[in-house]
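Read through the structure below, which is laid out as structure tokens, and then see the notes.
In full-length UniProt numbering, the protein residues as written are 1 to 392.
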């Protein structure tokens, strides 16, 4: 090969296909991935079933600049590895290396009934994490700190066991290993399985109107009218009593912490993400994140980047220009992660000024439909299934 061949930024089309096959090599106990054309840190994390936190922990040089070049070496494990031979099972491997079975399954993306095959490479948890933890499922309002306090364990040990650093976010449904330092191990908590609907009464005060009341309680305007038997032009008076529906949307488990909950727009998602709500969007393929606000929308969420910086990140994710192209995304809101699909083209009504984004963009959830014809968008729905982990 010509020694003057320079590194090309990943994503650049190469005339030769010499870099088209991704490669894994081992240096001592450190496994590395040799970057090939099209790789991103996010894709590498998915390929090897490790978290983005682990990627950054093992490769601190990418904390400030995540640009990859063909031929770069990305550390993907500081653990030992085992090559499966005939007769091996995850349990036998865990016993041979004296490590916790659940942790071995977790770092390899396996379940208790997964089959393994001769020649397959199994990562072995490092000795600092061996045999010292049990699995806990994250629920609403949990943080690493509150979990450490709940079970009277060392905060720093809990972070180290899970490859986390202080300030990292965890998500509802995520599995966290808790060090065996406690006598307070509870019966494993379960996530609520059914949505709940109740009603409250709102007494009209000065300045109220039906639209503002619907926004205040996070319900669709026309649902408020329907529940109270009112028309669009109904005039309310101080002291009037209005019935307001209140929804508690159950948390759904996901195939893994990188995926989002699959929520139906009409019965679930629009109540979790009501008009006026601010939230984060994570691009599923690159891991890039920006902040948005739902400003309007009935058939799906019409959303706007909160600042010009957020708009710039959006444009970068879509290749340098706004587009109608759909991308799978994760919506992070109230310590939940929801599967969604987004386009970035600004259009129509704009509510947020000074964000360098002239209009709003579209954000779809399960069974969302187009405003123009009320029909489902198959490309958006496909992306949502990808973000939910039910479609590759």
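Glycine included, every Cβ here is placed at the ideal spot set by N, Cα and C.
Residue burial is scored here from C-beta neighbours: residue 147 has at least 16 other C-beta atoms within 10 angstroms and is therefore classed as buried.
DSSP, read as helix, strand or coil, puts residue 232 in coil. Apart from sequence neighbours up to five positions away, the residues of its chain that approach residue 124 with a beta-carbon distance below 8 Å are 79, 80, 81, 82, 93, 97, 99 and 104, ordered along the chain. Beta-carbon to beta-carbon, residue 295 and residue 303 are separated by about 7 Å, close enough to satisfy the 8 Å threshold. Residue 259 sits in coil when the DSSP states are folded into three classes, being neither helix nor strand. In the DSSP assignment, residue 156 falls outside any beta strand (DSSP E) and lies within the alpha helix (DSSP H) extending over 155-161. Remark: fewer than three beta-carbon pairs, one from each stretch, lie closer than 8 Å, so the segment 244-257 and the segment 278-293 are not flagged as touching. In its chain, beyond the 5 residues on either side, 221 and 224 have a beta carbon closer than 6 Å to the beta carbon of residue 214. Setting aside the 5 residues that flank it on each side, residue 248 is surrounded in the same chain by 195 and 196, each with a C-beta closer than 7 Å to its C-beta; the list follows chain order. For residue 68 against residue 41, the beta-carbon gap comes to about 7 Å, under 8 Å, which counts as contact. Selection 227, 357, 320 and 210 evaluated against residue 198 yields 227 as nearest (Cα-Cα). With contacts defined by Cβ atoms closer than 9 Å, residue 138 and residue 174 form a contacting pair. With a minimum length of 4 residues, the unbroken runs of alpha helix (DSSP H) contained wholly in the UniProt domain "LysM" (200-244) fall at 210-217 and 221-228. For residue 251, the three-state secondary structure derived from DSSP is coil. With a cutoff of 9 Å on beta-carbon distance, residue 218 and residue 275 are scored as near each other.
Of the residues assessed, residue 278 falls on the exposed side of the cut-off, its CB having fewer than 16 other CB atoms within 10 angstroms. Straight-line measurement puts the Cα of residue 358 at about 7 Å from the Cα of residue 347.
Residue 376 is bridged by DSSP to 369. Here DSSP, grouped into helix, strand and coil, assigns residue 292 to strand. Around the beta carbon of residue 162, 16 or more other beta carbons sit within 10 angstroms, so the residue counts as buried. Annotation: residue 256 to residue 380 spans about 21 Å, alpha carbon to alpha carbon.
In this model, residue 89 and residue 121 are separated by some 12 Å (Cα to Cα).
Just measuring C-alpha positions, the residue of 240, 336 and 305 sitting nearest residue 140 is 336. Sixteen is the threshold: when 16 or more other Cβ atoms of the shown chains lie within 10 Å of the Cβ of residue 384, as they do, the residue is buried.
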